[in-house]
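This report concerns only the one structure given below.
In UniProt numbering, the protein residues as written are 1 to 267.
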């Protein structure tokens with residue numbers, strides 16, 4: 001069966017695909033992070049072509065993206081007979097492992113204690129910028145950050161306030177969930193609600209294509225979306241509904257065995 005033999009598959013790809021914001025190297029990382037994150041996992045060039053070209057991406061673009069990922073230390077490629085196989089480097093696996101719990105979390109794990117760090121326009125900004133590089137901090141605006149847990153012992157010219165019982169005004173919530181993030185999440189929810197439940201006759205490559213699209217779109221939302229309790233969400237935030245539908249679809253599209261991905265001419 002070819003990709004064009006299954007109208008359900010084509011409809012799903014068209015609804016999930018986002019060609020205006022298509023970074024091929026990022027799509028490849030979504031694929032490897034979802035299906036080939038273990039040290040011995042490899043994806044052949046033919047399988048990579050078969051999974052990604054239904055997105056309207058040409059083999060030449062895949063080759064360019066692989067070259068970039070090799071140059072940046074994410075992926076290694078080796079010859080296996082007449083074909084090429086590709087796998088994540090230790091650096092690539094580490095980077096994927098760092099975000100995997102956040103991407104695949106099905107239940108919110110928001111901390112219950114918080115603190116605020118506030119800088120003045122002329123003092124403390126460098127310290128605040130440094131804090132924002134750490135996990136657990138969310139920028140509210142240029143001079144304010146929300147942090148998980150108790151306030152740090154040393155705050156270097158920053159006003160630090162423990163805030164276990166925050167009452168947030170709407171403008172604060174909107175700062176935490178900016179319009180472009182809310183719009184991206186709403187667009188993904190619309191797409192995943194519109195696609196039909198996966199047909200049972202999808203082959204391994206088609207399952208991999210749909211999983212890659214869903215994970216890629218969800219990853220671009222969830223890694224920008226702070227893990228905050230519902231009381232922090234602005235009106236109209238649809239993250240929970242989107243999460244439920246994303247995982248409902250992924251449950252119907254179990255990861256294929258890498259060896260089962262059919263080969264086509266190599267990359």
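We treat Cβ as the ideally placed atom computed from N, Cα and C, and that holds for glycine.
Taking the C-beta atoms as reference points, residue 114 is found no nearer than 8 Å to residue 91. Per DSSP, the beta bridge partners of residue 44 are 85.
For residue 78, the pairing in a beta bridge is given by DSSP as 85. With contacts defined as CB atoms closer than 8 Å, residue 55 and residue 191 fail to qualify as a contacting pair. Excluding residues up to 5 positions away in sequence, 198, 207, 210 and 211 lie with their Cβ nearer than 7 Å to the Cβ of residue 253 in the same chain. The Cβ neighbour count for residue 119, taken over all protein chains shown within 10 Å, is at least 16; the residue is labelled buried. Shown here, residue 115 sits in a strand according to DSSP, grouped into three states. Taking C-beta atoms as the reference points, residue 189 and residue 218 fail to come closer than 8 Å.
Between residue 38 and the set 95, 239 and 105, the nearest pair of CA atoms involves 95. In this structure, residue 131 sits away from residue 157, with a CB-CB distance that is not shorter than 8 Å. In this structure, the beta-carbon distance from residue 140 to residue 146 falls below 8 Å.
Beta-bridge partners assigned by DSSP to residue 147: 115 and 137.
Rounded to the nearest whole angstrom, the C-alpha separation of residue 85 and residue 255 is 19 Å.
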